[in-house]
Amino acid sequence: MTHNPHRLEIVNVSIGYGEKIVMRDLSFQVPHGARVAVVGPNGAGKSTLFKALVGILPLQSGRILIHGELLGAHKDCVAYIPQREDVDWRFPVTVNDVVMMGRYSQMGWLSRPSKADKQIVRKSIEQMGITDLATRSIGQLSGGQQQRAFLARAIAQEPHILLMDEPFTGVDVTTREATLNLLDHLRDQQVTTIISTHDLNLAASRFDLVLLLNHKLIAFGKPQEVFVKENLTAAFGNSLLVMENGMMLVDECCPPEVEHQHSEVK
Amino acid sequence: MSWLLAPLAYQFMQRGLLASVIVGILCAVMGTYVVLRGMAFLGDAMAHAILPGVAIAYIFHSDLLIGAGVAAVVVALSIGFFSREGTVKEDTAIGILFAAALSLGVALISSMQTYAVDLSHILFGNVLGVSPSDLWLIGGLSFAILLTVGLLFKPFMVISFDPVLAATLRLPAELLRNLMLVLLALTVVVSLQTVGVSLAAAMLVTPAATAYLLTRRLWPMMLVSALIGALSSIIGLYLSYYFNIVSGSAIVLTATLFFLLGFLWKRTKLI
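Chains A and B are the protein sequences, given in the same order.
The first sequence begins at 1100 in my numbering and counts up by one.
The second sequence begins at -10 in my numbering and counts up by one.
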């Protein structure tokens, strides 16, 4: 199974909450080390897909295979950067503690951290440029710094697949750059990254593959193949404006706490 | 020094002191989760919810602690059951079960011909009536609970801080959450004898809330909380001996004083 080209395989997956199906009959395959941008209008089911990939939300039907095995067979090969509201920011933990959590599964739940674990934690923190914040409480950090702490935890987890839900919305430039640099670094290490974003330019320029969703698969492939008028119309409907010179504008509102913004694609 | 040693001349006083310190530490450690997970309401509810168990045990002349223990575990698991997968919000489930159990307890008690000393001890504690076998029970249960907390320190931390990480690491979160409720229920039962049902909730919340003000990591928070719990129990018991006040109240008031000091310290540090 180790040479199976598909690291992640989604087969006829439908996901939803009770009676309500949010994502219908989704199938795609992601090769090793690919950087995948997940795009689509608000409420298209991006977060729902992530929850299913993490295993929080059970599938209504279909299968998710990682290395050809069912999701859950591998204990710690998927790392996930949680959304802000998922974490208790008042919890008494330091940045160091948070990053060390990434090692828990591999060190064993009853063991103390080994020298190697501490080394990995230190390096991960260093890589995200927050060494001077290591002993601070997580709650004292700015939003961007908190995100970098969680990225450091994801690195420390040494995952095969890294999932990030909207890591570029509402963060400072330093964090944005640190996140993008991390993506390059992870590709060198053959780590598959799957990231949802509203920024279509970023999706087109910094990712190998784009997954365009609107409650079902609209298109999946290289950015230039996915970002064509037919697909964008199918995904965004009336929010898409096609200009005379061929430029397309997508006008869509972002998550409530973020300012209204316009994303455009050539 | 004689004023320190004088109360210890009595064996019941020695046992009372030992029991109070154990319960003080136990409540303070479990209280860390109560404070961090926002379960203060649950702790209070749990303490009152064991009343029907106690009443039934009283009617059938069996051990009150066993009745309380069974009732507490039943209520804890029911809360977990009703709030599972968000069918009913947890605090709603707690509110309903708390009221139902309390009403059932009062109904049972009101149907009795006579109920006197024992029941009031359940409500307010009777630290001087701790028998050697009670002490063994308190010590044994406390040790088992603290050992479980020690072994599951990391899983409990992850499910409290970041449930999504718990899911990606395939932790049995539902099971751990129920286990935590059961441990909390047993803690309330153990503290019955020393501070009683009505004050157990305070011992769960106050020392841990104080420790939260003074520390910024989970492990030190637990240690400081345990220290405050133990000190409150010792000081409270001496106050109760010399000023002739109810021991449970004296212990809780001492813990409250620690909280006020901690709060003032935190405020002055922030300015």
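For glycine and all other residues, C-beta sits at the position ideal for the given N, C-alpha and C.
query, result
"Residues of its chain near aspartate 1264 of chain A, where Cβ-Cβ distance is below 6 Å and the 5 sequence neighbours each way are ignored", "Ser1146, Phe1149, Gln1182, Ser1295"
"Bridge-paired residues (DSSP) for threonine 1292 of chain A", "A:Arg1134, A:Leu1261"
"For histidine 1131 of chain A, the nearest candidate out of A:Arg1305, A:Ile1293, A:Asn1337 (CA to CA)", "A:Ile1293"
"Assigned exposure category for valine 119 of chain B - 16 Cβ within 10 Å defines buried", "buried"
"The alpha helix (DSSP H) enclosing tyrosine 1203 of chain A, as first and last residue numbers", "1203 to 1206"
"Nonlocal neighbours in the same chain, by C-beta distance under 7 Å from valine 194 of chain B, ignoring five residues either side", "Gly20, Val23, Val24, Ala29, Gly32"
"Alpha-carbon to alpha-carbon, glycine 1167 of chain A and methionine 1347 of chain A", "39 Å"
"Alanine 17 of chain B, buried or exposed, once every other Cβ within 10 Å from all chains shown has been counted against 16", "buried"
"Proximal residues to valine 1290 of chain A (C-beta, below 8 Å), its chain only, five neighbours per side dropped", "Gly1132, Pro1258, His1259, Ile1260, Leu1261"
"The segment 134 to 152 of chain B / the segment 1185 to 1203 of chain A touching (three or more Cβ pairs under 8 Å)", "yes"
"Contacts that aspartate 1185 of chain A makes with chain B (C-beta to C-beta distance below 8 Å)", "Asp151, Pro152, Val153"
"Test: leucine 168 of chain B CB closer than 8 Å to a CB of chain A", "no"
"Interface partners of leucine 112 of chain B on chain A, CB under 9 Å", "Chain A residues near leucine 112 of chain B: none, gap ~33 Å exceeds 9 Å."
"Selection of the segment 1189 to 1211 of chain A by Cβ proximity to chain B, strictly under 7 Å", "Phe1190, Pro1191, Val1192, Thr1193, Asp1196, Met1200, Tyr1203, Ser1204, Trp1208, Leu1209"
"Status (buried if at least 16 other CB within 10 Å, exposed otherwise) for valine 1357 of chain A", "The predicted position of valine 1357 of chain A is uncertain, since its pLDDT is 40 and thus under 50; a value taken from the coordinates is nonetheless stated next. Valine 1357 of chain A comes out exposed."
"As assigned by DSSP and simplified to three states, the class of valine 1112 of chain A", "strand"
"Cβ neighbour criterion (16 or more within 10 Å) applied to valine 1213 of chain A", "It is worth fixing the name first, because residue 1213 of chain A is serine in this sequence and not valine. By the neighbour-count rule (16 or more Cβ atoms within 10 Å), serine 1213 of chain A is not buried but exposed."
"Beta-carbon proximity of glycine 1144 of chain A to leucine 1312 of chain A, cut-off 8 Å", "yes"
"Isoleucine 1155 of chain A versus B:Ala215, B:Ala239, B:Glu163, B:Val184, residue with shortest Cα-Cα distance", "B:Glu163"
"Sequence-distant residues of its chain with Cβ nearer than 6 Å to alanine 239 of chain B (five each side left out)", "Gly225, Leu228, Ser229"
"Where the beta strand (DSSP E) through valine 1309 of chain A begins and ends", "1308 to 1312"
"Stretch-stretch touch, CB-based, cutoff 8 Å, three pairs: the segment 7 to 16 of chain B with the segment 36 to 50 of chain B", "no"
"Minimum C-alpha distance to valine 1197 of chain A - residue among A:Ala1172, A:Leu1209, A:Ile1229, A:Cys1176", "A:Ile1229"
"Identity of the residues DSSP links to lysine 1119 of chain A by a beta bridge", "A:Tyr1116"
"Neighbour flag for proline 196 of chain B against chain A, beta carbons, 8 Å", "no"
"Same chain only: Cβ atoms within 8 Å of serine 1113 of chain A, ignoring 5 sequence neighbours per side", "Ile1120, Met1122, Arg1123, Asp1124, Leu1125, Leu1158, Gln1159, Ser1160, Gly1161"
"Identified DSSP bridge partners for arginine 1162 of chain A", "A:Val1110"
"Close Cβ partners of leucine 1169 of chain A (< 6 Å) along its chain, the five nearest in sequence each way excluded", "none"
"Rounded separation between isoleucine 48 of chain B and aspartate 123 of chain B - CA only", "20 Å"
"Neighbour flag for proline 144 of chain B against chain A, beta carbons, 8 Å", "yes"
"Glycine 20 of chain B - containing alpha helix (DSSP H), residue span", "0 to 25"
"Members of the segment 1151 to 1171 of chain A that neighbour chain B once the beta carbon cut-off is set at 8 Å", "Val1153, Gly1154, Ile1155, Gly1171"
"Neighbour flag for proline 1354 of chain A against chain B, beta carbons, 8 Å", "Unreliable placement is indicated for proline 1354 of chain A, whose pLDDT of 48 sits below 50; no coordinate value is reported for it."
"Residue environment, arginine 166 of chain B, which counts as buried when at least 16 other CB atoms sit within 10 Å", "buried"
"Whole-angstrom distance between valine 63 of chain B and leucine 86 of chain B, CA atom to CA atom", "10 Å"
"Beta carbon proximity, valine 289 of chain B to chain A, threshold 8 Å", "Any property of residue 289 of chain B remains undetermined from this structure, which presents chain B solely from -10 to 260."
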